[in-house]
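Asks: Below you'll find the structure I mean.
Protein chains: 2
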Amino acid sequence: MKPRPSNEDLWIGRWTRALRSFPRRGLRHGLGHDCAVLAPPSRGTDLVLKTDAIVEGVHFLRTTSARLVGRKALARTLSDLAAAGATPCAALVTAGCPDKKSAVRLQSVYRGLAQAARCWGVTIVGGETVRTRQLLLSVSMLGYVPHRFSPNRAGARPGHLLFVTGRLGGSWPRRHLTFTPRLAEGRWLARKKIPSAMMDLSDGLGADLPRLARTSRIGFRIFPEKLPCNPGIGARQAFTQGEDYELLFSVSRAKAARLKKNWPFATRLTEIGICLPARAGFHAGRLPLQGYDHLA
Amino acid sequence: MKPRPSNEDLWIGRWTRALRSFPRRGLRHGLGHDCAVLAPPSRGTDLVLKTDAIVEGVHFLRTTSARLVGRKALARTLSDLAAAGATPCAALVTAGCPDKKSAVRLQSVYRGLAQAARCWGVTIVGGETVRTRQLLLSVSMLGYVPHRFSPNRAGARPGHLLFVTGRLGGSWPRRHLTFTPRLAEGRWLARKKIPSAMMDLSDGLGADLPRLARTSRIGFRIFPEKLPCNPGIGARQAFTQGEDYELLFSVSRAKAARLKKNWPFATRLTEIGICLPARAGFHAGRLPLQGYDHLA
Chain A
1 MKPRPSNEDL WIGRWTRALR SFPRRGLRHG LGHDCAVLAP PSRGTDLVLK
51 TDAIVEGVHF LRTTSARLVG RKALARTLSD LAAAGATPCA ALVTAGCPDK
101 KSAVRLQSVY RGLAQAARCW GVTIVGGETV RTRQLLLSVS MLGYVPHRFS
151 PNRAGARPGH LLFVTGRLGG SWPRRHLTFT PRLAEGRWLA RKKIPSAMMD
201 LSDGLGADLP RLARTSRIGF RIFPEKLPCN PGIGARQAFT QGEDYELLFS
251 VSRAKAARLK KNWPFATRLT EIGICLPARA GFHAGRLPLQ GYDHLA
Chain B
1001 MKPRPSNEDL WIGRWTRALR SFPRRGLRHG LGHDCAVLAP PSRGTDLVLK
1051 TDAIVEGVHF LRTTSARLVG RKALARTLSD LAAAGATPCA ALVTAGCPDK
1101 KSAVRLQSVY RGLAQAARCW GVTIVGGETV RTRQLLLSVS MLGYVPHRFS
1151 PNRAGARPGH LLFVTGRLGG SWPRRHLTFT PRLAEGRWLA RKKIPSAMMD
1201 LSDGLGADLP RLARTSRIGF RIFPEKLPCN PGIGARQAFT QGEDYELLFS
1251 VSRAKAARLK KNWPFATRLT EIGICLPARA GFHAGRLPLQ GYDHLA
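If you read the protein sequences in the order shown, they are chains A and B.
Its first residue numbered 1, the first sequence is counted upward by one per residue in our numbering.
Its first residue numbered 1001, the second sequence is counted upward by one per residue in our numbering.
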């Protein structure tokens, strides 16, 4: 007797077919085993870990292209790795699936995810599916960064200048699905040890900058007229709308001049403000210090 | 101006207070930064990655003790690491939170999770919270295993004997929340290179054994009368009920004798069947070859 695999096994077979992206040197076991096992990185390398989830009705809509949903799930996590100056390596993917229709849709989601993974050199090494009331995707990522080269949110000091990459605001309805995570820029900045602190902008500058400031125990002043806004977007929207996936970082004055001179990317680089002592507080002209609040 | 942190930031502050488990040598950045950064393991060690999620209404109930929910979320993932012979190291935790009441409950969930993490030597290095329609927890885990010592599901051969640890069946209503992941047993087995294939039992032997058999391209015969059943549980329930979190593994005849002689644990060890050539099919007497099907 050799029974038909269960519904779960049949669907997992379909989904993992879509996810088998490309083989990776040093991947000993991947999809289809209890755990993924992979060779460690070369010496002098730190491990970088990040997890990020997107949920139907919050981060994408029922009508959003399934492939772009998969792409976004991966690219969001990559944006965090960019802020750590890391090179992505391997990902685990968890999907929450409410019904048969979503199970079918998930095949396209996974195809989009696998395509994005190939594009950015990520191997999908494992994952799982659970029954949930709405479609959701959670991606956990392992990356690498040279030993002690990863910036974090804690190193900004009064007098350091604040920079952002790219342009801000107006990410819905389209760019939040098609943005390019600033991996190359983040890697370059980290390897040159330029940022004293760095993070990616996911909830909007008005929400994310206060987080960096609280972790670094600083105040700040933003110059609203300097904000690099997307076409048709005002400073207020650029400041408070989320999902920019640009890099925000602080740089000492000494390094800022060199940074502006040597910036090798086509991506726009803008000085938007300055770090102050904590007691000076947070200043952004008339812009409201808020962004997207997931639990408002 | 220094505004009050957003609701999201206030809740994240509360939750992460519960999660700060214990410092780890080599952890460079943890909670509160875009990514966790940690020193790599010593040479000769492979990385092990696993993700696992639990959902209210599927893996636990609204009335289940919040601390035990947190414990279960971590212990399930550890059970998979046990099957890979791995030592757990660091975890990322994603929570889906539907409302204020769940946000409060989540504090206790996180306390249970942190307590379990301390107990098993795991550091919570990152995570995030998203708005979902039901409470859910997803844990991604990094662990280590000596280079090329991790068993997988693919190595079982005809003639190998099948073993399980512990007793099966009757995991609801209580043991699925309080089970001990078989980390010590998995590590011992992997280091002695005893299993030709190994996995943990989460959906029931009747569903999980066919998975191991398909991956290894073998058939099998289970001896129902030999199944180690929990008190008051029949062979049929022991075979088809899920959430045992015991280890299932195959062993060559040569190694099986040594295994039975040298097994150093109080945990019960039972020979339950034999691997056959693939063409012989799957045999379990009158027991139905099925278990918990998440997508039935």
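C-beta: ideal position from N, C-alpha, C; glycine also.
#1: Run through chain B and tell me which residues come within less than 8 Å of K50(A), C-beta to C-beta.
#2: To the nearest whole angstrom, what separates the beta carbons of G26(A) and L38(A), a pair I think is in contact under 8 Å?
#3: State the beta-bridge partners of T51(A) as determined by DSSP.
#4: DSSP state of F265(A), grouped into three classes?
#5: Anything in the segment 148 to 177 of chain A with a Cβ closer than 8 Å to a Cβ of chain B? List those residues in chain order, please.
#6: Identify whether S102(A) lies in helix, strand or coil by the three-state DSSP scheme.
#7: Look at the Cβ atom of R1253(B), then the Cβ atom of G1159(B), and state whether they are nearer than 8 Å.
#8: Are A1073(B) and L1031(B) closer than 8 Å when you measure CB to CB?
#9: Assign I1194(B) to one of three DSSP states: helix, strand, or coil.
#10: Could you name the residues of the segment 1233 to 1256 of chain B whose beta carbon sits closer than 9 Å to any beta carbon of chain A, in the order they occur along the chain?
#11: Using the Cβ count rule (16 or more neighbours within 10 Å means buried), how would you classify R1071(B)?
#12: Given R1062(B), which residues of its chain have a CB within under 7 Å of its CB, disregarding the five upstream and five downstream residues?
#13: Pull up the distance between the alpha-carbon of H1176(B) and that of A1207(B), whole angstroms please.
#14: May I ask you to report which of helix, strand or coil DSSP gives L1068(B)?
#15: For M198(A) versus F265(A), is the C-beta distance shorter than 8 Å?
#16: Could you name the residues of chain B that T215(A) contacts, counting a contact when the two beta carbons are closer than 7 Å?
#17: Which residues bound the beta strand (DSSP E) around A1036(B)?
#18: Taking Cβ positions only, does P1041(B) come closer than 8 Å to chain A?
#19: Considering only DSSP beta bridges, list what P146(A) is partnered with.
#20: Report all residues from its chain with a CB closer than 7 Å to the CB of L289(A); omit the five preceding and five following residues, and keep chain order.
#21: Output needed in chain order: residues of the segment 1060 to 1085 of chain B with a Cβ under 8 Å from some Cβ in chain A.
#22: What residue range is occupied by the uninterrupted beta strand (DSSP E) comprising I1218(B)?
#23: Just tell me which of A75(A), I272(A), V125(A), L247(A) has its CA closest to the CA of A235(A).
#24: For V58(A), name the three-state secondary structure that DSSP assigns.
#25: Are there 16 or more other CB atoms within 10 angstroms of the CB of R1187(B), so buried, or fewer, so exposed?
#26: According to DSSP, is F1249(B) part of a helix, a strand, or is it coil?
#27: Enumerate in chain order the residues of its own chain whose CB-to-CB distance from G155(A) is below 6 Å, with the five nearest sequence positions on each side excluded.
#28: For C1119(B), which beta-bridge partners are listed by DSSP?
#29: With which residues is I306(A) paired in a DSSP beta bridge?
#30: Out of curiosity, what's the CA-to-CA distance linking D34(A) and P1151(B)?
#31: Using 8 Å as the threshold, is the C-beta distance between L1078(B) and P1181(B) below it?
#32: Can you give me the C-alpha to C-alpha distance between S1171(B) and F149(A), rounded to a whole angstrom?
#33: Does L289(A) come out as helix, strand or coil in the three-state DSSP assignment?
#34: Does V58(A) have its Cβ less than 8 Å from a Cβ in chain E?
#35: Taking only beta-carbon positions, decide if Q1134(B) is within less than 8 Å of chain A.
Replies: In short:
#1: Here the question's residue 50(A) lines up with position 50 in the first sequence. Going along chain B in sequence order, the residues near K50(A) (Cβ under 8 Å) are D1034, C1035, A1036, L1092, G1126.
#2: Locating residue 26(A) in the first sequence gives position 26, where the first residue counts as 1. Locating residue 38(A) in the first sequence gives position 38, where the first residue counts as 1. Right, their Cβ atoms sit about 5 Å apart.
#3: Taking the first sequence and counting its residues from 1, one reaches residue 51(A) at position 51. According to DSSP, T51(A) bridges with S140(A).
#4: Translated into positions along the first sequence, residue 265(A) becomes position 265. The answer is coil: DSSP assigns F265(A) none of H, G, I, E or B.
#5: Taking 8 Å as the cut-off between beta carbons, the residues of the segment 148 to 177 of chain A near chain B are R148, S150, N152, R153, A154, in sequence order.
#6: As a position in the first sequence, residue 102(A) is number 102, starting the count at 1. Helix, per DSSP.
#7: The residue you call residue 1253(B) lines up with position 253 of the second sequence. The residue you call residue 1159(B) lines up with position 159 of the second sequence. Yes; because the gap between Cβ atoms is below 8 Å, this pair is in contact.
#8: Walking along the second sequence from the start, residue 1073(B) turns up at place 73. Walking along the second sequence from the start, residue 1031(B) turns up at place 31. The criterion of a C-beta distance shorter than 8 Å is not satisfied by A1073(B) and L1031(B).
#9: For the purposes of this step, residue 1194(B) is taken as residue 194 along the second sequence, with counting starting at 1. Here I1194(B) sits in coil by DSSP.
#10: none
#11: Counting from 1 along the second sequence, the entry for residue 1071(B) is found at position 71. Label assigned to R1071(B): buried.
#12: Here residue 1062(B) refers to the residue found at position 62 of the second sequence. E1056, listed in sequence order.
#13: For this step, residue 1176(B) is matched to residue 176 along the second sequence. For this step, residue 1207(B) is matched to residue 207 along the second sequence. Distance between the alpha carbons of H1176(B) and A1207(B): 17 Å.
#14: In the second sequence, the residue the question calls residue 1068(B) occupies position 68. Helix at L1068(B).
#15: Position 198 of the first sequence, counted from the start, is the residue given in the question as residue 198(A). Position 265 of the first sequence, counted from the start, is the residue given in the question as residue 265(A). Taking 8 Å as the Cβ cut-off, M198(A) and F265(A) do not qualify as a contacting pair.
#16: Here residue 215(A) refers to the residue found at position 215 when the first sequence is read from its first residue. The contacting residues are G1032.
#17: Working through the second sequence from its first residue, we reach residue 1036(B) at position 36. Unbroken beta strand (DSSP E) run through A1036(B): 1036 to 1038.
#18: On the second sequence, position 41 is the one that residue 1041(B) refers to. Between P1041(B) and chain A, the shortest Cβ-Cβ separation is below 8 Å.
#19: The residue given as residue 146(A) occupies position 146 in the first sequence. According to DSSP, P146(A) bridges with T45(A).
#20: The count along the first sequence starts at 1 and reaches residue 289(A) at position 289. So the qualifying residues of the chain are G206, P210, F282.
#21: D1080, L1081, A1083, A1084
#22: Within the second sequence, residue 1218(B) is the residue found at index 218, counting from 1. 1218 to 1222 is the extent of the beta strand (DSSP E) around I1218(B).
#23: In the first sequence, residue 235(A) corresponds to position 235, counting from 1. Taking A235(A) as reference, the option from A75(A), I272(A), V125(A), L247(A) with the minimal CA-CA separation is I272(A).
#24: Position 58 of the first sequence, counted from the first residue, corresponds to residue 58(A). Coil, per DSSP.
#25: The count along the second sequence starts at 1 and reaches residue 1187(B) at position 187. With 16 or more other Cβ atoms within 10 Å, it is buried.
#26: Residue mapping note: residue 1249(B) aligns to position 249 of the second sequence, counting from 1. Of the three classes helix, strand and coil, the one that applies to F1249(B) here is strand, per DSSP.
#27: As a working note, residue 155(A) is residue 155 in the first sequence. Once the five neighbours on either side are set aside, the close Cβ partners of G155(A) are S196, A197.
#28: Taking the first residue of the second sequence as 1, we reach residue 1119(B) at position 119. For C1119(B), which the question treats as bridged, DSSP gives no partner whatsoever.
#29: Given that chain A is displayed from residue 1 to residue 296, the structure contains no residue 306(A) and the question cannot be resolved.
#30: Here residue 34(A) refers to the residue found at position 34 of the first sequence. Here residue 1151(B) refers to the residue found at position 151 of the second sequence. Looking at the two C-alpha atoms, the distance is approximately 10 Å.
#31: One-based indexing of the second sequence puts residue 1078(B) at position 78. One-based indexing of the second sequence puts residue 1181(B) at position 181. A contact, by the Cβ cut-off of 8 Å.
#32: Working through the second sequence from its first residue, we reach residue 1171(B) at position 171. Working through the first sequence from its first residue, we reach residue 149(A) at position 149. Their backbone Cα atoms lie some 47 Å apart in a straight line.
#33: Your numbering for residue 289(A) matches position 289 in the first sequence. The answer is coil: DSSP assigns L289(A) none of H, G, I, E or B.
#34: You won't find chain E in this structure, because its protein chains are A and B.
#35: Within the second sequence, the letter at position 134 stands for residue 1134(B). Using a CB distance cut-off of 8 Å, Q1134(B) counts as an interface residue toward chain A.
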